[in-house]
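Q:
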Amino acid sequence: MKNRLAIIVPCYNEEEIFSFSSGKLTNLLKDLIKKRKIAKNSFILFVDDGSKDNTWQLIHEENKKNKFVYGLKLAGNVGHQNALLAGITESLDLVDMSISIDADLQDDINVIEEMIDKYTSGIDIVYGVRNDRKSDSFFKRFTAQSFYKFMKLMGVKSVYNHADFRLMSKRAMKDLSEYKERNLFLRGIVPLIGYKTDCVYYARGKRIAGESKYPLKKMIKFAFDGITSFSIKPMTIICMLGIVIIVVSIIAMLYGVLGYFMGRSFDGWSSLFCSIWFLGGVQLLCIGIIGQYVGKTYIEVKERPRYNVEKIIKNKDKDK
Ligand code: UDP
Ligand code: MG
């Protein structure tokens, strides 16, 4: 059968939730195999992103007793996006499709069957889209949705309310692995791949154990990274700001000259002071934004590896 599936699950310090997730996903695989939707040798690939707790030991033990569980141990913590890419790249040769999902299963695994049906009907990329965020706190919902809106405003094409829960066919996985950027923002890259795409909708659940690995600081960094990796709109805004400030200063100058001829002179100290500080601030900000792009170029040209694999455990009987 040409439908071997890998469910790819990045894990960073997820010991509290691991057995819950692996149990649920194993049952799901068994069910899908029984329904003949996927091949018998499909598997779940847990990617340990340099966890500091017992996540890897748990994956290892589970692999010994559960033939559906595979493990990939990265040499250090490289972040969610790189861990996902590692899972996709390393399982590419084994499978016909992959589905990526977070370890806490906040995304509804019951729509996986629908994703596979879409794949079978010829769709290459199926996005999981959250259409109900009631279970998120007001703060999480607000920040996440502002994030999607701001991204759109900045000209980044991404699927609204879609995180990293998606199915990809083998050829889409292969194409994704050809994108060599180090500033990885998968939600922005995947829509660039092309092919036929579709969405499935679900309500996002609560994290039942462990805590979110995306505190506000990380979310802001993620948003900023996403924008500067996909759009140079901030630089266009800087240019426009420059033009506006020049026009305003010309008007102010004319006003001053006119006042001089009409016998009115302006007491200049405080206005001079304010405008110098204001412009100084604007300039620093703009240099900072441009610096972000220069810095990114610096990171990219070094072409350092995005992850290093320490160990991979599979099921030898199935991969002969
Ligand atoms: N994660 C990872 N590496 C990291 C941080 C997070 O692999 O450095 C994984 C984490 O284990 C989880 C997923 O990324 O499977 C999403 O994290 P989380 O559920 O904490 O984010 P949230 O749902 O709160 O946005
Ligand atoms: Mg989560």
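The opening position of the sequence shown corresponds to residue 317 in the numbering used here, with each subsequent residue numbered one higher.
Don't be surprised by glycine CBs; every beta carbon is placed ideally from N, CA and C.
State the Cα-Cα distance for the pair Ile566 and Asp440, rounded to the nearest angstrom.
A: For the purposes of this step, residue 566 is taken as the residue at position 250 of the sequence shown. For the purposes of this step, residue 440 is taken as the residue at position 124 of the sequence shown. Each residue's Cα considered, the two are about 56 Å apart.
Q: Just to confirm the assignment, what range does the alpha helix (DSSP H) spanning Lys627 have?
A: Residue numbering aside, residue 627 sits at position 311 when the sequence shown is read from its first letter. It is not in any alpha helix (DSSP H) - Lys627 instead sits in the beta strand (DSSP E) that spans Val625 to Ile629.
Q: So if DSSP puts Arg482 in a beta bridge, which residue, or which two residues, is it bridged to?
A: Position 166 of the sequence shown, counting from 1, holds the residue named residue 482. Its beta-bridge partners are Ser416 and Tyr443.
Q: Between the Cα of Lys389 and those of Asp369, Glu619 and Asn382, spot the shortest distance and give me the residue it belongs to.
A: As a working mapping, residue 389 is identified with position 73 in the sequence shown. Selected option, being the one with the closest Cα: Asp369.
Q: Rounded to the nearest angstrom, how far is the Cβ of Met470 from that of Lys549, given a contact under 8 Å?
A: Locating residue 470 in the sequence shown gives position 154, counting from the first residue. Locating residue 549 in the sequence shown gives position 233, counting from the first residue. Indeed they touch by this definition, with Cβ atoms about 5 Å apart.
Q: Put Lys389 into one of helix, strand or coil per three-state DSSP.
A: Position 73 of the sequence shown, counted from the first residue, corresponds to residue 389. Residue state, collapsed to three classes: strand.
Q: Any contact of the stretch 407 to 419 with the stretch 476 to 491, i.e. 3+ C-beta pairs under 8 Å?
A: Enough Cβ pairs lie closer than 8 Å, so yes.
Q: Note the first and the last residue of the continuous beta strand (DSSP E) segment covering Val637.
A: Residue 637 falls outside the range modelled here, since the chain spans only 317 to 636, and no answer is possible.
Q: According to the neighbour-count rule (16 or more other Cβ atoms, all chains shown, within 10 Å of its Cβ), is Val363 buried or exposed?
A: On the sequence shown, residue 363 is found 47 positions in, with the first residue counted as 1. When all chains shown are included, Val363 counts as buried.
Q: If Gly438 sits next to Lys534, beta carbons under 8 Å apart, how far is it from one beta carbon to the other, in whole angstroms?
A: Position 122 of the sequence shown, counting from 1, holds the residue named residue 438. Position 218 of the sequence shown, counting from 1, holds the residue named residue 534. That belief does not hold up - the Cβ atoms of Gly438 and Lys534 are roughly 37 Å apart, past 8 Å.
Q: Taking Cβ to Cβ, would you say Val325 is nearer than 9 Å to Asp409?
A: As a first step, residue 325 is located in the sequence shown; it is residue number 9 there, counting from the start. As a first step, residue 409 is located in the sequence shown; it is residue number 93 there, counting from the start. It is not a contact, given that the beta carbons lie outside the stated cut-off.
Q: Can you tell me whether Met431 is buried or exposed, with buried defined as 16 or more other CB within 10 angstroms of its CB?
A: Counting from one through the sequence shown, the residue named residue 431 turns up at place 115. Flag for Met431 reads buried.
Q: Is the beta carbon of Ser338 less than 9 Å from the beta carbon of Ile360?
A: For the purposes of this step, residue 338 is taken as the residue at position 22 of the sequence shown. For the purposes of this step, residue 360 is taken as the residue at position 44 of the sequence shown. Closer than 9 Å, so yes.
Q: Under 9 Å between the Cβ atoms of Tyr328 and Gly387?
A: Position 12 of the sequence shown, counting from 1, holds the residue named residue 328. Position 71 of the sequence shown, counting from 1, holds the residue named residue 387. No, these two residues do not count as a Cβ contact at 9 Å.
Q: How do the stretch 618 to 625 and the stretch 555 to 574 stand: do at least 3 beta-carbon pairs fall below 8 Å, yes or no?
A: Cβ pair count under 8 Å is below three, so no.
Q: Ends of the alpha helix (DSSP H) at Phe577?
A: The residue labelled residue 577 in the question sits at position 261 within the sequence shown. Residues Lys549 to Phe577.
Q: Could you name the residues of the same chain whose beta carbon sits closer than 8 Å to that of Lys468, not counting the 5 residues immediately before and after it, in chain order?
A: Taking the sequence shown and counting its residues from 1, one reaches residue 468 at position 152. These residues qualify, in order along the chain: Ser474 and Tyr476.
Q: Using the three-state DSSP reduction, which class does Ile323 fall into: helix, strand or coil?
A: For this step, residue 323 is matched to residue 7 along the sequence shown. It is a strand residue.
Q: Is the beta carbon of Ala479 closer than 9 Å to that of Gly444?
A: Here residue 444 refers to the residue found at position 128 of the sequence shown. Here residue 479 refers to the residue found at position 163 of the sequence shown. For Gly444 and Ala479, yes; Cβs fall inside 9 Å.
Q: Hey, would you say the C-beta of Tyr328 is under 8 Å away from at least one heavy atom of ligand 1?
A: Numbered from its first residue, the sequence shown carries residue 328 at position 12. Yes, ligand 1 has a heavy atom inside 8 Å of this Cβ.
Q: Near Val516, what residues of its chain come up, given a Cβ to Cβ distance below 8 Å and the 5 sequence neighbours on each side ignored?
A: Against the sequence shown, residue 516 aligns to sequence position 200. Closer than 8 Å at the Cβ level, and outside the excluded window around Val516, lie Val427, Glu430, Met431, Lys434, Val442, Tyr443, Gly444 and Val445.
Q: Distance check for Met551 and Met569, CA to CA, integer angstroms please.
A: To locate residue 569, count along the sequence shown from 1; it is residue 253. To locate residue 551, count along the sequence shown from 1; it is residue 235. Answer to the nearest angstrom: the Cα atoms are 27 Å apart.
Q: Roughly how many whole angstroms lie between the Cα atoms of Ser453 and Ser462?
A: Mapped onto the sequence shown, residue 453 falls at position 137. Mapped onto the sequence shown, residue 462 falls at position 146. Going by the C-alpha atoms only, they are around 14 Å apart.
Q: Can you tell which of Gln608, Val573, Glu378 and Ile559 has the C-alpha that lies nearest to the C-alpha of Leu595?
A: For this step, residue 595 is matched to residue 279 along the sequence shown. Checking every option, the nearest Cα to that of Leu595 belongs to Ile559.
Q: Going by DSSP in three states, Leu408 sits in which element: helix, strand or coil?
A: Here residue 408 refers to the residue found at position 92 of the sequence shown. Residue state, collapsed to three classes: coil.
Q: Is any non-hydrogen atom of ligand 2 found closer than 8 Å to the C-beta of Gln608, if you look at the structure I gave you?
A: Here the question's residue 608 lines up with position 292 in the sequence shown. False, no ligand heavy atom lies under 8 Å from that Cβ.
Q: In chain order, what residues of the same chain lie with their CB nearer than 8 Å to the CB of Gly403, ignoring the 5 residues before and after it?
A: Stepping through the sequence shown from its first residue, residue 403 is reached at position 87. Once the five neighbours on either side are set aside, the close Cβ partners of Gly403 are Ala322, Ile324, Val325, Pro326, Leu361, Val363, Leu388, Ser414 and Ser416.
Q: Alpha carbons only, please: which of Trp372, Thr342, Gly611 and Lys340 is nearest the one belonging to Asn499?
A: The sequence position of residue 499 within the sequence shown is 183, counting from 1. The option with the nearest alpha carbon to Asn499 is Gly611.
Q: Please classify Val472 as buried or exposed, where buried requires at least 16 other C-beta atoms within 10 Å of its C-beta.
A: Counting from one through the sequence shown, the residue named residue 472 turns up at place 156. Val472 is buried by the Cβ-count criterion.
Q: Taking Glu616 as the reference, give the member of Ser545, Arg520 and Ile603 with the closest Cα.
A: Here residue 616 corresponds to residue number 300 of the sequence shown, with the count starting at 1. Ranking the options by Cα distance to Glu616, first place goes to Ser545.
Q: Name the one or two DSSP bridge partners that Asp448 has.
A: Taking the first residue of the sequence shown as 1, we reach residue 448 at position 132. Partner(s): Ala519.
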